[in-house]
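**Student:** The structure under discussion is supplied below as structure tokens; questions concerning it will follow.
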Amino acid sequence: MFIIQCSLILTLLTAAVKSRTRCVRVRGIVSCVTNTNLARNIQVTLYDRDDLPWETDDLMGKNITDANGSFFVEGCGYDFGFWNDPDPFILITHGCPSSAQLSNHHLVSRKTMYEFSCCNRLDFVKYPALCSKSNVQQY
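Below is the structure:
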């Protein structure tokens, strides 16, 4: 009887703890108008955003740009709970100066983040270059 109760409890816990998976592929080009050489060997990192205070964003994939600034990165995110979908975003760490840095002649490495969710039609409007079918694929 004890074994039946334990297996029933484990079955209920397994049913309650479901994870959602979302996989994306992102293809794009990083460009720097002020200096085209600054677009090569740039790190592009794909993360799954986790908003709870005790969670950290999960690494889904990373790559670097080629000599032309082109990149391809893919990965999967896993979040627990039927209500919690993975929220992918890419982080581009680059040294292309902003207009303020150009006016101050001060160049530092900086990060640019693009959030997207290709299940949400609003994001197609906000980030058409990232969410067009040729650039981002869910698989």
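In this note's numbering, the protein residues as written are -12 to 126. Glycine residues also receive a C-beta, built at the ideal position from the N, C-alpha and C atoms. All figures in this text were calculated on a predicted structure; none of them were measured in a lab.
1) Report the option in N24, V13 and K49 whose CA atom is closest to the CA atom of N55.
2) Classify L46: buried if its beta carbon has 16 or more other beta carbons within 10 angstroms, exposed otherwise.
3) Is the beta carbon of C19 closer than 7 Å to that of C83?
4) Mark I16 as exposed unless 16 or more other C-beta atoms lie within 10 angstroms of its C-beta, in which case mark it buried.
5) Using the three-state DSSP reduction, which class does N22 fall into: helix, strand or coil?
6) Pull up the DSSP beta-bridge partners for P75, would you.
7) To which residues of the same chain is T43 closer than 7 Å at the C-beta, ignoring the five residues directly before and after it?
8) Assign E42 to one of three DSSP states: helix, strand, or coil.
9) Kindly indicate which residue of T8, W41 and R12 has the alpha-carbon position closest to the one of F59.
10) Give the straight-line distance between the Cα atoms of V31 and W41, rounded to the nearest whole angstrom.
11) So, is L33 buried or exposed, given that buried needs 16 or more other C-beta atoms within 10 angstroms?
**Tutor:** The relevant details are as follows:
1) Restricting attention to N24, V13 and K49, the CA atom closest to the CA of N55 is found in N24.
2) So L46 ends up on the exposed side.
3) Taking 7 Å as the Cβ cut-off, C83 and C19 qualify as a contacting pair.
4) Of the other Cβ atoms in all chains shown, fewer than 16 fall within 10 Å of the Cβ of I16; this residue is therefore exposed.
5) In this structure, N22 counts as coil in the three-state DSSP scheme.
6) As a beta-bridge residue in DSSP terms, P75 pairs with D35.
7) Here the set comprises D37.
8) Secondary structure at E42: coil, using DSSP grouped into helix, strand and coil.
9) Comparing Cα positions, the closest option is R12.
10) For the pair V31 and W41, the Cα-to-Cα distance works out to about 25 Å.
11) Counting of Cβ neighbours within 10 angstroms places L33 among the buried residues, the total reaching 16 or more.
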